[in-house]
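Colleague: Could you have a look at this structure, given as structure tokens, before my questions?
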């Protein structure tokens, strides 16, 4: 009876008992028994039907076992090939020791992978299509990644089309880029793999100069054969983001660069970006994640659901999924309420990483610019003609203020601002007087799209301004008449959104054609649009029920998909939306220098410490000069020795000032 109980217990593990006449018997141990039996037959050389010849060794095997474990041998023995009938088969591309490891694995499902044999085992497993063995070797290599071996592993993965391993190694190189550069093996990378690595936004570098120097070292390593590849590889260096001084002194002065005309368009793009700022937007103007900079978009002012004015500026970083603190709009926090002004129906634009705002119902002549490095708004020269419901655009390094409403009528006036001389000048007037229109620039032309010629109607006209002739012309009209719209230049197109359109349209200046990009479920009148991190972000607006919208939409041109990016703290419309590069670089203190911020917080100042007392000279970054001259004074006089802005831009990092305190 006891024996019966013991047998019943063991069988219970194998048999699923049923109340009927049938039972399901599942013997999971049989497969292991079969494997052990086949291995014993191989060791005994019993029932083997094929001999694999590798170097001087012979391995007796069973065709059926090899065919079951490997697609390579399955094709060899199951198709009508010569090897199907041969007793001995000579194998090439593998040594005897490695073949023995493969066969041991085939018959026992066990193998020992070491740093010494992993490459040979992987190559043989890939050749003979032992796929699970390939995966095991790839996992081993992933765990063994180090700066000194990652390039070799990457080339191995690329040679055997191991896409998953290749991607993991590339990610490792990207995250440990500065360490990997220390090993000469990096210079052996093929051009295509180098380019795909340098192209990554996540490349771990603190400044773009490291990427440029990497490319030049790679070219010089095999100069004769790689010089022709330099333009192809250099496309992945974000030259516009290099320091202007470094660009002139190092990049343009490089002998290899100067003897390669094919790179000149890349140099020209960088020069134009340094001169005109964010007017040029390409893959190379986007900061990398680890350069202590991030491309962010700002939502400036606007109106809430209760028609209340918003003084705050919301700065969103889509990549880091964070919100940054930014100074409120100017003249909104005065000592008395009567001195405060509301920024309503103003215009804004970005030039050289500074945000310009102009006009507005209560601020119709005002123009201010925001300096991100000091988080301050600085007032500049007033507009000649006050206006609101107008637009701003950047063209040829100048800021243009276009059209709008002066309180009495729609105006056709356009003014151009010269940042160097801080002055406004008249430009050719619009062909059609409009307000609440869209405006954007593209390749030496400025485009004014749609708008309202009066309080009730909207137009579909596209007006084009050519600064070379100081004249306007008409281009292909929009598919619909629209006002309360906005536009942004992005990837050779001008994208237009807003009004009652319930859609995103794009205009091709090169082909003078319009097309529908995507449709929305609701209207987004008076919304904002700005390109950021190679995507388009559409912010706020008002729907058909005149309710403000809090969602931010994201249009990805790669996937052609529209998604909801995030929800703002509150709905907003009639706001400004621009793109900016925001720095995350921490301030480094030095032993022999003191970091000093004036009481009014105009700018950080670096002051020498001489014998425990402060010297009479202060050293300021050259671009703080205008801040010191424009903002509230901490000093009564400020003068500069040998001040030449172009010289300072290209040659000097700092300029000495003489200071006389109040």
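Residue numbers (this note's numbering): 454 to 1115.
We put the beta carbon where it would ideally sit given N, CA and C, even for glycine.
Since we're looking at a predicted model, the values are computed, not measured.
Quick check on the burial criterion: 16 or more other C-beta atoms within 10 angstroms. Buried or exposed for residue 584?
Modeller: Start at 1 with the first residue of the chain shown, and residue 584 comes out as number 131. Exposed, because fewer than 16 other Cβ atoms sit within 10 Å of the Cβ of residue 584.
Colleague: I need the boundaries of the alpha helix (DSSP H) containing residue 666, first residue and last residue.
Modeller: As a first step, residue 666 is located in the chain shown; it is residue number 213 there, counting from the start. Unbroken alpha helix (DSSP H) run through residue 666: 661-674.
Colleague: If we count the other Cβ atoms within 10 Å of its Cβ and call it buried at 16 or more, is residue 966 buried or exposed?
Modeller: Walking along the chain shown from the start, residue 966 turns up at place 513. The residue is exposed, with fewer than 16 neighbouring Cβ atoms inside 10 Å.
Colleague: If I follow the unbroken beta strand (DSSP E) through residue 424, where does it start and stop?
Modeller: There is simply no residue 424 to check, as the chain begins at 454 and stops at 1115 in what is shown.
Colleague: Would residue 827 and residue 901 be called neighbours here (beta carbons separated by less than 8 Å)?
Modeller: The residue given as residue 827 occupies position 374 in the chain shown. The residue given as residue 901 occupies position 448 in the chain shown. Result no, Cβ atoms of residue 827 and residue 901 do not sit closer than 8 Å.
Colleague: Identify, in the order they occur along the chain, each residue of the same chain with its Cβ nearer than 7 Å to the Cβ of residue 926, setting aside the five sequence neighbours on each side.
Modeller: Numbered from 1 along the chain shown, position 473 holds the residue referred to as residue 926. Answer for residue 926: 917, listed in chain order.
Colleague: Quick check on residue 960: buried or exposed, where buried means 16 or more other Cβ atoms within 10 Å of its Cβ?
Modeller: Within the chain shown, residue 960 is the residue found at index 507, counting from 1. It is buried - the Cβ of residue 960 has at least 16 other Cβ atoms within 10 Å.
Colleague: Would you kindly work out how many angstroms separate the C-alpha atoms of residue 1087 and residue 703, rounded to a whole number?
Modeller: Counting from 1 along the chain shown, the entry for residue 1087 is found at position 634. Counting from 1 along the chain shown, the entry for residue 703 is found at position 250. Caution is warranted here: a pLDDT of 32 is assigned to residue 1087, below 50, making its placement in the model unreliable, and the coordinate value is therefore given only provisionally. So the alpha carbons of these two residues sit roughly 38 Å apart.
Colleague: Could you check which residue in 747, 894, 808 and 839 has the C-alpha nearest to that of residue 819?
Modeller: The residue you call residue 819 lines up with position 366 of the chain shown. For the residues 747, 894, 808 and 839, the minimum Cα distance to residue 819 belongs to 839.
Colleague: If you follow the alpha helix (DSSP H) that residue 612 is part of, which residue opens it and which one closes it?
Modeller: Along the chain shown, one-based indexing puts residue 612 at 159. It spans 603-612 - the alpha helix (DSSP H) in which residue 612 sits, taken as one unbroken run.
Colleague: Mind reading off the beta-carbon distance from residue 655 to residue 627? Whole number of angstroms is fine, and I expect it under 8 Å.
Modeller: Translated into the one-based positions of the chain shown, residue 655 becomes position 202. Translated into the one-based positions of the chain shown, residue 627 becomes position 174. The Cβ separation is near 5 Å, so the contact holds.
Colleague: In or out: residue 569 buried (at least 16 other Cβ within 10 Å) or exposed?
Modeller: As a first step, residue 569 is located in the chain shown; it is residue number 116 there, counting from the start. It is exposed - the Cβ of residue 569 has fewer than 16 other Cβ atoms within 10 Å.
Colleague: Looking at the secondary structure, which residues open and close the beta strand (DSSP E) in which residue 870 lies?
Modeller: Residue mapping note: residue 870 aligns to position 417 of the chain shown, counting from 1. From DSSP, the beta strand (DSSP E) with residue 870 extends over 867-871.
Colleague: What is the DSSP secondary structure of residue 835, counted as helix, strand or coil?
Modeller: Along the chain shown, one-based indexing puts residue 835 at 382. Correct three-state label for residue 835: coil.
Colleague: For the region 485-493 and the region 550-570, state whether three or more C-beta atom pairs, one from each stretch, are separated by less than 8 Å.
Modeller: Result yes; three or more Cβ-Cβ pairs closer than 8 Å.
Colleague: With distances taken Cα to Cα, identify the nearest neighbour of residue 603 among 619, 590, 614 and 613.
Modeller: Working through the chain shown from its first residue, we reach residue 603 at position 150. Of 619, 590, 614 and 613, the residue nearest in Cα terms is 619.
Colleague: Is the beta carbon of residue 571 sitting closer than 8 Å to the one on residue 594?
Modeller: In the chain shown, the residue the question calls residue 571 occupies position 118. In the chain shown, the residue the question calls residue 594 occupies position 141. A contact, by the Cβ cut-off of 8 Å.
Colleague: If we count Cβ pairs, one from each stretch, closer than 8 Å, do we get three or more for the region 882-896 versus the region 842-859?
Modeller: Counting Cβ pairs under 8 Å, three or more are found: they touch.
Colleague: For a minimum of 3 consecutive residues, which ranges assigned as the beta strand (DSSP E) are wholly contained in the region 496-527?
Modeller: Those beta strand (DSSP E) runs which fall completely within the region 496-527 and span 3+ residues are 503-507 and 510-514.
Colleague: Output the boundary residues of the beta strand (DSSP E) element that contains residue 824.
Modeller: If you number the chain shown from 1, residue 824 lands on position 371. Taken as a continuous stretch (DSSP letters only), the beta strand (DSSP E) holding residue 824 covers 820-824.
Colleague: For the beta strand (DSSP E) containing residue 543, name the first residue and the last one.
Modeller: Counting from one through the chain shown, the residue named residue 543 turns up at place 90. Per DSSP, residue 543 belongs to the beta strand (DSSP E) from 541-543.
Colleague: For residue 774, collect the residues of the same chain with a Cβ closer than 6 Å to its Cβ; drop the 5 residues on either side in sequence, then sort them by chain order.
Modeller: Taking the chain shown and counting its residues from 1, the one referred to as residue 774 is at position 321. Cβ neighbours of residue 774 beyond the five flanking positions: none.
Colleague: Cα separation between residue 741 and residue 550?
Modeller: Numbered from its first residue, the chain shown carries residue 741 at position 288. Numbered from its first residue, the chain shown carries residue 550 at position 97. Approximately 47 Å between the Cα atoms of the pair.
Colleague: Select from 809, 622 and 537 the residue whose C-alpha is nearest the C-alpha of residue 517.
Modeller: The sequence position of residue 517 within the chain shown is 64, counting from 1. Selected option, being the one with the closest Cα: 537.
Colleague: Using the Cβ count rule (16 or more neighbours within 10 Å means buried), how would you classify residue 651?
Modeller: Position 198 of the chain shown, counted from the first residue, corresponds to residue 651. Under this definition residue 651 is a buried residue.
Colleague: Hey, residue 694 and residue 748 are a contact pair by Cβ (cut 8 Å); roughly how many whole angstroms apart?
Modeller: Walking along the chain shown from the start, residue 694 turns up at place 241. Walking along the chain shown from the start, residue 748 turns up at place 295. Actually they are not in contact, since the Cβ atoms of residue 694 and residue 748 sit about 10 Å apart, beyond 8 Å.
Colleague: Spatial neighbours of residue 988 within its chain, please: C-beta separation below 7 Å, excluding the five flanking residues on both sides.
Modeller: In the chain shown, residue 988 corresponds to position 535, counting from 1. 1007, 1008 and 1009.
Colleague: DSSP puts residue 895 in a beta bridge; with which residues?
Modeller: Mapped onto the chain shown, residue 895 falls at position 442. Residue 895 pairs with 898.
Colleague: Note down the Cα distance separating residue 592 from residue 847, rounded to an integer number of angstroms.
Modeller: In the chain shown, residue 592 corresponds to position 139, counting from 1. In the chain shown, residue 847 corresponds to position 394, counting from 1. About 52 Å.
Colleague: Considering only residues of the region 905-944, which uninterrupted beta strand (DSSP E) runs meet the minimum length of 3 residues and lie entirely inside it, listed in chain order?
Modeller: DSSP runs (the beta strand (DSSP E)) wholly in the region 905-944: 915-919, 924-928 and 938-943.
Colleague: With respect to the alpha helix (DSSP H) encompassing residue 557, which residues constitute its N-terminal and C-terminal limits?
Modeller: Position 104 of the chain shown holds residue 557. Counting along the chain, the alpha helix (DSSP H) containing residue 557 begins and ends at 549-561.
Colleague: Along the beta strand (DSSP E) that carries residue 947, what are the first and last residues, could you check?
Modeller: By 1-based counting over the chain shown, the position of residue 947 is 494. Segment 946-951, the beta strand (DSSP E) holding residue 947.
Colleague: Grab the span of the beta strand (DSSP E) containing residue 977 for me, first residue to last.
Modeller: Here residue 977 refers to the residue found at position 524 when the chain shown is read from its first residue. Unbroken run through residue 977: none, as it is neither H nor E.
Colleague: Counting only the same chain and skipping the five closest in sequence on each side, list residues whose C-beta sits under 6 Å from that of residue 678.
Modeller: Residue 678 sits at position 225 when you count from the first residue of the chain shown. Nothing meets the Cβ criterion.
Colleague: Determine the closest residue to residue 525 out of 502, 884, 555 and 510, with distance taken between C-alpha atoms.
Modeller: In the chain shown, residue 525 corresponds to position 72, counting from 1. Nearest C-alpha to residue 525: 555.
Colleague: Does residue 573 come out as helix, strand or coil in the three-state DSSP assignment?
Modeller: Within the chain shown, numbered from 1, the residue matching residue 573 stands at position 120. Note: residue 573 maps to helix in three-state DSSP.
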